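**Q** Could you have a look at this structure, given as structure tokens, before my questions?
Chains as they are written, first to last, in our numbering: chain A, 1 to 406; chain B, 1001 to 1383.
So this is what it looks like as structure tokens:
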């Protein structure tokens, strides 16, 4: 057992010497996580500019202009009035999300029932804001259409009135509008179609999207670190450590146990740093920290063991490195490190959940989103521990069957 | 010059013999094209109206209102499939999206009774909100149709009254088109490929380009070059050239794969796109050389390379449309090379704004490449 501790101390000392590389393992998920959190945070909303050309300058056109600046929409879109020429130039240059031109005769068209066309030019390099602008504009124009259809008679009377209508005319219009409202009221108050959006069942809680990214980013750190640590077997072989080891009375299993313990500690530090910051940011209960840290440490050892076993199967370090790189990135993609499993297409998510890191990220999600700590089921713990033991056993076998002697 | 070409040629040969480099140059970009394009494609396609969303509409004896609701769902990019009831398929799975109406929809509405429309979706968190907005818009428009047609009709609400309303000319019409000359908004692979291409060029040049220089320094190869009859400028130019050709090979391969496998539409200004990407390659080659000169160990070079490439890609708009980022990130994008390259590509691909529109970006990238190369030359160490 003392040799295992010696092996552990040796590895920690070696990794401390190249602490910049270890810092980079910490920095990669931290930076990526930070950027995604900045982007997906609740306070962050897409923001763009709508260039507006109001050639009509009437009460109705100003109503349209005002609609874009009201409420939540106003937080997404800044409206900037401009001229038609400048607007076209700027939207073609990609400086705005859209350009809306309300032509002269916009209000008159409503009163005279003569069609008029508004022009909307959207930024093709953007995805969300042009869609929102188009939807809002269509809804506003639809509202105008229905108002026109409902009150066409009254609008006709209004347009035929002189500048100084009599009290009787005003009263007649008011009564007519009131009658129309009473006519539509039975189907509108309450509406004859009531919309109900079914919430996701409680068994499948839907935490904020930004929180769903968090376990995948932690697992990215764990996968990078465990793969990097696994490549250390090749370095030790080149240095002759492994060859000397097989001819010494020390036990390979203890040597490997020391390496696994060092890997667990380094992985816990690498993943733990981002994890603590994530806990602070997301307000996750600190009671989940120990169980989450232990989970990533044990998972990390399992991944380290299998990456090492895989790398030791090949005849050269280059081949081993190429194969493990080819494996790491698809694993990260499917396992929810770039996009959470919840937003991946069904078939990719299914593969992801079956992949080792996807399975680990999925259980970590359970742990950090559950009400109480230690929410990962016993079977999952046993599976990961068994995975680590079998992986390490394969490593011992490979060290004994020639890898260490070469 | 001959010496520089000699070094460039041998550097390139050496890099192309490295399995890792080959994987990152030729295999990983298409894998990422497929993955990112597939994941983001559904979402952006729905936002831009490029893709329709299938939905099962369950309604027992819906009557004439089925046609009107169907029309409004289709207006909002849904593809409804009407059924009398929802039953699980042979695997016991329910449809992914179900809109359920109470029985006898039309007769209840005509009688002024409230009908519940319940929408259940298992869509991902990313697209769920937008889907709900579209369902609400479809149903509220249908409600407005019902109320208006009913008010205009002398008798009870009928299919004929709704048809008459649908045939009315809209006084306010909207002509929507993307800005620029391109008539189709890029989505899915067309949107994902340029960003991934820009990111991978930087990633390969910053990692393998930089770490190769570190390894050569550690192994004493650079020290031996110092004693060879060639100037320092020739050595650095040769190293730069090898990386530049590697970047161009990667870009060429990715453009070819993007076009042939993913049907990427590059627009009419392909020669200018090539010029932009070559300028980008020049910048990346300089950056790889600079990082290789600054890093002390192989681990530092490749680690910092991965870190810088990912951060610059994210901030420059390679990962997501820059509009979704906060204002400070959008401003920052104007000052970083990935942002310049993405802007130039958007001008040429998304706006089809003409070759001249990308000239300022090309000049900026080449200037950037020169400045970074000057730093690399200054910091270049033989040992």
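Cβ coordinates follow ideal geometry from the N, Cα and C atoms, glycine included.
Computed from a predicted model, the values in this text were never measured in an experiment.
1) Looking at residue 340 of chain A and the ligand COA, is the gap between the Cβ and the nearest heavy atom below 7 Å?
2) So, for residue 1276 of chain B: in the same chain, excluding its five sequence neighbours on each side, which residues have a beta-carbon less than 8 Å away from its beta-carbon?
3) Taking the alpha carbon of residue 27 of chain A as the reference point, which residue from A/82, A/155, A/222 and A/85 has its own alpha carbon closest?
4) Check whether the Cβ atoms of residue 118 of chain A and residue 155 of chain A lie closer than 8 Å to each other.
5) If we call anything under 8 Å between Cβ atoms a contact, is residue 1019 of chain B one with residue 322 of chain A?
6) Applying a beta-carbon distance threshold of less than 7 Å, which residues of chain A neighbour residue 1350 of chain B?
7) Taking the C-alpha atoms as reference points, what is the distance between residue 242 of chain A and residue 308 of chain A?
8) Just to confirm my understanding: we take residue 234 of chain A, look at its own chain, exclude 5 residues before and 5 after, and list those with CB closer than 7 Å. What are they?
9) Would you mind giving the Cβ-Cβ distance between residue 139 of chain A and residue 1170 of chain B, rounded to the nearest angstrom? I have them listed as a contact below 8 Å.
10) Would you mind listing the alpha helix (DSSP H) stretches within the region 214-258 of chain A that are 4+ residues and don't spill past its ends, in chain order?
11) My understanding is that residue 151 of chain A touches residue 180 of chain A, with C-beta atoms under 8 Å, so please give their C-beta distance in whole angstroms.
12) Which runs of the beta strand (DSSP E), 3 residues or longer, sit entirely within the region 1191-1278 of chain B?
13) Residues of chain A with a CB under 9 Å from the CB of residue 1300 of chain B: which are they?
14) Kindly indicate which three-state DSSP category residue 267 of chain A falls into: helix, strand or coil?
15) On the three-state DSSP scale, how would you describe residue 55 of chain A?
16) Would you tell me roughly how many angstroms separate the C-alpha atoms of residue 1076 of chain B and residue 137 of chain A, rounded to the nearest one?
17) Examine chain A for any beta-carbon lying closer than 8 Å to the beta-carbon of residue 1172 of chain B, and answer yes or no.
18) What residues in its chain sit with their C-beta under 7 Å from that of residue 1145 of chain B, if we drop five residues either side in the sequence?
19) Which whole runs of the alpha helix (DSSP H) in the region 1004-1080 of chain B are 4 residues long or more, in chain order?
20) Within the same chain, show all residues whose beta-carbon is closer than 6 Å to that of residue 203 of chain A, passing over the 5 residues directly before and after it, in chain order.
21) At 7 Å on the CB atoms, spell out the chain B contacts of residue 27 of chain A, in chain order.
22) In this structure, does DSSP put residue 1116 of chain B in helix, strand or coil?
23) Rounded to whole angstroms, what is the Cα-Cα separation between residue 1368 of chain B and residue 372 of chain A?
24) Leaving out five residues before and five after residue 257 of chain A in sequence, what residues of the same chain have Cβ atoms less than 6 Å from its Cβ?
25) Report the CB separation of residue 1233 of chain B from residue 1302 of chain B in whole angstroms; it is logged as a contact under 8 Å.
26) So, does the region 74-83 of chain A touch the region 1319-1330 of chain B, judging by three or more C-beta pairs under 8 Å?
27) Taking DSSP as the reference, what is the three-state secondary structure of residue 1094 of chain B?
28) Using a C-beta to C-beta distance shorter than 9 Å, which residues of chain A count as neighbours of residue 1361 of chain B?
29) Name the one or two DSSP bridge partners that residue 1319 of chain B has.
30) Of all the CB atoms in chain A, is at least one closer than 8 Å to the CB of residue 1097 of chain B?
31) If residue 1304 of chain B sits next to residue 1291 of chain B, beta carbons under 8 Å apart, how far is it from one beta carbon to the other, in whole angstroms?
32) What is the residue span of the beta strand (DSSP E) that residue 319 of chain A lies within?
33) Measure the Cβ-Cβ separation of residue 1179 of chain B and residue 65 of chain A and say whether it is below 8 Å.
34) Going by other Cβ atoms of all chains shown within 10 Å of its Cβ, with 16 needed for buried, is residue 189 of chain A buried or exposed?
35) Alpha carbons only, please: which of A/97, A/345, A/362 and A/398 is nearest the one belonging to residue 315 of chain A?
36) Could you tell me whether any Cβ in chain A is nearer than 8 Å to the Cβ of residue 1188 of chain B?
**A** With the given structure in hand:
1) Although the ligand COA was asked about, the structure shown includes no ligands whatsoever.
2) What you label residue 1276 of chain B is simply residue 276 of the second chain in a count that begins at 1. 1341, 1344, 1345, 1348, 1358, 1361, 1362 and 1365, listed in sequence order.
3) In the first chain, the residue the question calls residue 27 of chain A occupies position 27. Selected option, being the one with the closest Cα: A/222.
4) On the first chain, position 118 is the one that residue 118 of chain A refers to. On the first chain, position 155 is the one that residue 155 of chain A refers to. No, these two residues do not count as a Cβ contact at 8 Å.
5) Position 19 of the second chain holds residue 1019 of chain B. Position 322 of the first chain holds residue 322 of chain A. Yes, they are a contact pair.
6) For the purposes of this step, residue 1350 of chain B is identified with residue 350 of the second chain, where counting begins at 1. Residues of chain A with a Cβ closer than 7 Å to the Cβ of residue 1350 of chain B are, in chain order, 124 and 125.
7) Against the first chain, residue 242 of chain A aligns to sequence position 242. Against the first chain, residue 308 of chain A aligns to sequence position 308. Roughly 14 Å between the two C-alpha positions.
8) Here residue 234 of chain A corresponds to residue number 234 of the first chain, with the count starting at 1. Taken in chain order, the residues that qualify are 311, 317 and 320.
9) Within the first chain, residue 139 of chain A is the residue found at index 139, counting from 1. Within the second chain, residue 1170 of chain B is the residue found at index 170, counting from 1. With 8 Å as the limit, residue 139 of chain A and residue 1170 of chain B do not qualify as a contact, their Cβ atoms being about 13 Å apart.
10) 232-239 and 241-246
11) Indexing the first chain from 1 puts residue 151 of chain A at position 151. Indexing the first chain from 1 puts residue 180 of chain A at position 180. Contact flag correct, Cβ pair sits at about 6 Å.
12) With a minimum length of 3 residues, no continuous beta strand (DSSP E) run stays inside the region 1191-1278 of chain B.
13) Along the second chain, read from residue 1 onward, the residue named residue 1300 of chain B stands at position 300. Simply 18, 20, 21 and 24.
14) What you label residue 267 of chain A is simply residue 267 of the first chain in a count that begins at 1. Assignment of residue 267 of chain A by DSSP, reduced to helix, strand and coil, places it in the helix class.
15) In the first chain, residue 55 of chain A corresponds to position 55, counting from 1. Three-state DSSP puts residue 55 of chain A in coil, outside helix and strand.
16) Position 76 of the second chain, counted from the first residue, corresponds to residue 1076 of chain B. Position 137 of the first chain, counted from the first residue, corresponds to residue 137 of chain A. Cα to Cα, the separation comes out at about 14 Å.
17) Locating residue 1172 of chain B in the second chain gives position 172, where the first residue counts as 1. Yes, because at least one Cβ of chain A sits closer than 8 Å to the Cβ of residue 1172 of chain B.
18) Translated into the one-based positions of the second chain, residue 1145 of chain B becomes position 145. Leaving aside the five residues that flank residue 1145 of chain B on each side, the residues in its chain whose CB is nearer than 7 Å to its CB run, in chain order, 1068, 1162 and 1165.
19) 1019-1022, 1028-1048 and 1065-1075
20) Position 203 of the first chain, counted from the start, is the residue given in the question as residue 203 of chain A. Since pLDDT at residue 203 of chain A reaches only 49, below the 50 mark, its modelled position is unreliable, and the value read off the structure follows with that caveat. Correct list: empty, nothing qualifies.
21) Position 27 of the first chain, counted from the start, is the residue given in the question as residue 27 of chain A. Chain B residues near residue 27 of chain A: 1307.
22) Residue mapping note: residue 1116 of chain B aligns to position 116 of the second chain, counting from 1. In this structure, residue 1116 of chain B counts as strand in the three-state DSSP scheme.
23) As a position in the second chain, residue 1368 of chain B is number 368, starting the count at 1. As a position in the first chain, residue 372 of chain A is number 372, starting the count at 1. Rounded to whole angstroms, the separation of the alpha carbons of residue 372 of chain A and residue 1368 of chain B is 53 Å.
24) As a working note, residue 257 of chain A is residue 257 in the first chain. Around residue 257 of chain A: 4.
25) Here the question's residue 1233 of chain B lines up with position 233 in the second chain. Here the question's residue 1302 of chain B lines up with position 302 in the second chain. About 27 Å separates the two Cβ atoms, so there is no contact after all.
26) no
27) As a first step, residue 1094 of chain B is located in the second chain; it is residue number 94 there, counting from the start. Note: residue 1094 of chain B maps to coil in three-state DSSP.
28) Residue mapping note: residue 1361 of chain B aligns to position 361 of the second chain, counting from 1. In chain order: nothing, as chain A lies at least about 12 Å away.
29) Working through the second chain from its first residue, we reach residue 1319 of chain B at position 319. Residue 1319 of chain B is not bridged to any residue.
30) Locating residue 1097 of chain B in the second chain gives position 97, where the first residue counts as 1. Not closer than 8 Å to any Cβ of chain A, the Cβ of residue 1097 of chain B fails to qualify, so no.
31) Taking the second chain and counting its residues from 1, one reaches residue 1304 of chain B at position 304. Taking the second chain and counting its residues from 1, one reaches residue 1291 of chain B at position 291. Going by Cβ atoms, the distance from residue 1304 of chain B to residue 1291 of chain B rounds to 6 Å, so yes, they are a contact pair.
32) In the first chain, the residue the question calls residue 319 of chain A occupies position 319. First-last for residue 319 of chain A: 317-334, but that is the alpha helix (DSSP H), not the beta strand (DSSP E).
33) The count along the second chain starts at 1 and reaches residue 1179 of chain B at position 179. The count along the first chain starts at 1 and reaches residue 65 of chain A at position 65. It is not a contact, given that the beta carbons lie outside the stated cut-off.
34) Taking the first residue of the first chain as 1, we reach residue 189 of chain A at position 189. With fewer than 16 other Cβ atoms within 10 Å, it is exposed.
35) On the first chain, position 315 is the one that residue 315 of chain A refers to. Restricting attention to A/97, A/345, A/362 and A/398, the CA atom closest to the CA of residue 315 of chain A is found in A/398.
36) Within the second chain, the letter at position 188 stands for residue 1188 of chain B. The beta carbon of residue 1188 of chain B sits no closer than 8 Å to any beta carbon of chain A.
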